[in-house]
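Start counting the sequence shown at 289; every next residue gets the next number (our numbering). Glycine included, each C-beta is placed from N, C-alpha and C at the ideal position. Predicted, not measured: the structure shown is a model, and the values here were computed from it. Written below as structure tokens is the structure these notes are about.
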Amino acid sequence: MKLFGVLGDPVSHSLSPAMHNAAFKALGMDCEYHAFRVSADSLHDAIHGAFALGFGGLNLTIPLKEKALAIVKPTDLAKQIGAVNTVDFKNGIVGHNTDGLGARMALTENDVEIKGKKVLLLGAGGAARAIAFTLAAEGAIVTISNRTPERAFSLAKEVGKAGIISASGMEDLKNLVRNTDIIINSTAIGMFPGVSETLVTSDMMRTDLVVFDIVYNPINTRLLQEAKIAGAKTIDGVMMLVYQGAEAFKIWTGKTPPVDIMEKTVREELA
Ligand code: NAP
Numbered sequence: 289m290k291l292f293g294v295l296g297d298p299v300s301h302s303l304s305p306a307m308h309n310a311a312f313k314a315l316g317m318d319c320e321y322h323a324f325r326v327s328a329d330s331l332h333d334a335i336h337g338a339f340a341l342g343f344g345g346l347n348l349t350i351p352l353k354e355k356a357l358a359i360v361k362p363t364d365l366a367k368q369i370g371a372v373n374t375v376d377f378k379n380g381i382v383g384h385n386t387d388g389l390g391a392r393m394a395l396t397e398n399d400v401e402i403k404g405k406k407v408l409l410l411g412a413g414g415a416a417r418a419i420a421f422t423l424a425a426e427g428a429i430v431t432i433s434n435r436t437p438e439r440a441f442s443l444a445k446e447v448g449k450a451g452i453i454s455a456s457g458m459e460d461l462k463n464l465v466r467n468t469d470i471i472i473n474s475t476a477i478g479m480f481p482g483v484s485e486t487l488v489t490s491d492m493m494r495t496d497l498v499v500f501d502i503v504y505n506p507i508n509t510r511l512l513q514e515a516k517i518a519g520a521k522t523i524d525g526v527m528m529l530v531y532q533g534a535e536a537f538k539i540w541t542g543k544t545p546p547v548d549i550m551e552k553t554v555r556e557e558l559a
């Protein structure tokens with residue numbers, strides 16, 4: 289039996305155990321995945337402990353992704369993004385980042401072109417970091433807009449070598465939305481229990497806009513409801529979660545997991 293886990297604080301809400309256990313079961317693998325509440329202060333011991341115990345791999349969630357950089361050997365991508373969400377133990381303790389790839393795959397499977405497109409990224413937290421870097425590296429023109437403008441400016445500076453990234457506060461969202469092709473919400477706005485909240489309303493949107501909300505609890509966020517009213521294309525947060533998990537699964541096991549089963553499990557858990 290091989291053990292896997294997600295470390296975070298809080299972590300009881302995580303859908304990763306259900307999603308990965310469904311994939312292990314479907315492939316007939318003798319593996320189990322659990323959630324472990326670990327504080328930032330205990331992260332070093334927890335990662336090294338899992339390594340010593342022979343774990344197959346770990347995921348990291350809030351608030352551990354950035355702190356882990358100094359504990360693991362990060363891949364170039366994780367180093368450039370500035371955060372680790374996946375730890376693999378096959379060749380020492382190596383930290384990967386699969387969040388950006390998850391977001392990119394959620395867009396491309398919905399036939400959304402990235403190269404040359406203007407992306408308005410709302411938020412400058414951990415998830416925004418991976419998305420800004422990945423999409424800018426793929427040729428998008430990214431504007432990071434954050435409630436605390438200083439965080440947007442410092443993130444744009446940190447990941448700016450990936451491509452074209454600018455930063456702004458949120459005072460003039462109407463104008464920012466008018467000048468964008470794709471809106472991505474990576475703030476916590478709209479997440480349970482604040483389900484009636486949104487930063488952008490239908491009167492600010494157009495039919496040729498793509499609106500991607502990475503918040504997945506609830507799946508049909510107020511932002512996505514507003515986008516549907518405006519006739520815009522909508523993408524929910526489930527597939528980013530599934531694809532970042534599927535990539536981690538491949539890194540750990542070398543096997544391609546059943547993405548359809550992982551998606552079904554996540555949607556059932558959220559229903
Ligand atoms: P985080 O690092 O804590 O960042 C939170 C962001 O939300 C910050 O930019 C913060 O702005 C902003 N924010 C919070 N409250 C706000 C408010 N009232 N008004 C405006 N902005 C506000 O969190 P994270 O890890 O990036 O996660 C953000 C969301 O993405 C969460 O809902 C999480 O569940 C979701 N997520 C989804 C996936 C997926 O796979 N689908 C993956 C990761 C995260 P300030 O800087 O001003 O505080």
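Minimum C-alpha distance to Asn-373 - residue among Val-360, Ile-402, Ser-474: Position 85 of the sequence shown, counted from the start, is the residue given in the question as residue 373. Checked all of Val-360, Ile-402, Ser-474; the closest Cα to Asn-373 is Val-360.
Leaving out the 5 sequence neighbours to the left and right, which residues in its chain are closer than 7 Å to Ile-452 when beta-carbon positions are compared? As a position in the sequence shown, residue 452 is number 164, starting the count at 1. Only Ala-424, Ile-429, Val-430 meet the Cβ criterion.
Could you round the C-beta distance between Met-575 and Ile-502 to whole angstroms and report it? I think they count as a contact, below 8 Å. Residue 575 is absent from the model: the chain starts at 289 and stops at 559.
Assign Gly-433 to one of two classes, buried (16 or more other C-beta atoms within 10 Å of its C-beta) or exposed (fewer than that). The count along the sequence shown starts at 1 and reaches residue 433 at position 145. Note that residue 433 corresponds to Ser in the displayed sequence, not to Gly. Looking at its Cβ environment, which holds 16 or more other Cβ atoms inside 10 Å, Ser-433 is buried.
Is the beta carbon of Thr-486 sitting closer than 7 Å to the one on Arg-466? Mapped onto the sequence shown, residue 486 falls at position 198. Mapped onto the sequence shown, residue 466 falls at position 178. No.
Any non-hydrogen atom of ligand 1 closer than 6 Å to Ile-359 Cβ: What you label residue 359 is simply residue 71 of the sequence shown in a count that begins at 1. Checking every heavy atom of ligand 1 against the Cβ of Ile-359, none is found closer than 6 Å.
Beta strand (DSSP E) containing Ile-432: first to last residue? Reading the sequence shown from its first residue, position 144 is the one you call residue 432. From DSSP, the beta strand (DSSP E) with Ile-432 extends over 429–433.
From Ile-419, Asn-463, Pro-481, residue whose alpha carbon lies closest to that of Leu-365: Start at 1 with the first residue of the sequence shown, and residue 365 comes out as number 77. It is Ile-419 whose Cα lies nearest to the Cα of Leu-365.
Mind the definition here: the region 321–339 touches the region 351–359 only if three or more C-beta pairs lie below 8 Å; say whether that holds. yes
Roughly how many angstroms separate the alpha carbons of Lys-538 and Leu-461, rounded to a whole number? Indexing the sequence shown from 1 puts residue 538 at position 250. Indexing the sequence shown from 1 puts residue 461 at position 173. Whole-angstrom Cα-Cα distance: 39 Å.
Does Tyr-531 come out as helix, strand or coil in the three-state DSSP assignment? Looking up residue 531 in the sequence shown gives position 243. If DSSP states are grouped into helix, strand and coil, Tyr-531 belongs with the helices.
Could you check if Met-527 belongs to the surroundings of ligand 1, using beta carbon to heavy atom distance under 6 Å? Position 239 of the sequence shown, counted from the start, is the residue given in the question as residue 527. Because no heavy atom of ligand 1 lies under 6 Å away, the Cβ of Met-527 does not count as near it: no.
Three-state secondary structure (DSSP) of Ile-369: Position 81 of the sequence shown, counted from the first residue, corresponds to residue 369. Note: Ile-369 maps to helix in three-state DSSP.
Does the beta-carbon distance from Gly-293 to His-322 come in below 7 Å? For the purposes of this step, residue 293 is taken as the residue at position 5 of the sequence shown. For the purposes of this step, residue 322 is taken as the residue at position 34 of the sequence shown. Their beta carbons are under 7 Å apart, which means Gly-293 touches His-322 by this criterion.
Using the C-alpha atoms, what's the distance from Ser-490 back to Ala-518? Within the sequence shown, numbered from 1, the residue matching residue 518 stands at position 230. Within the sequence shown, numbered from 1, the residue matching residue 490 stands at position 202. When rounded, the distance between both Cα atoms is 5 Å.
Within 10 angstroms of its Cβ, does Lys-353 collect 16 or more other Cβ (buried), or is it exposed? As a position in the sequence shown, residue 353 is number 65, starting the count at 1. Buried.
List the endpoints of the continuous alpha helix (DSSP H) containing Phe-553. Mapped onto the sequence shown, residue 553 falls at position 265. Here residue 553 turns out to be Thr, not Phe, going by the sequence shown. Here the alpha helix (DSSP H) through Thr-553 covers 547–558.
Since Ser-474 and Leu-409 are thought to touch, with beta carbons under 8 Å apart, how far apart are those beta carbons, to the nearest angstrom? Within the sequence shown, the letter at position 186 stands for residue 474. Within the sequence shown, the letter at position 121 stands for residue 409. That belief holds up - the Cβ atoms of Ser-474 and Leu-409 are roughly 6 Å apart, short of 8 Å.
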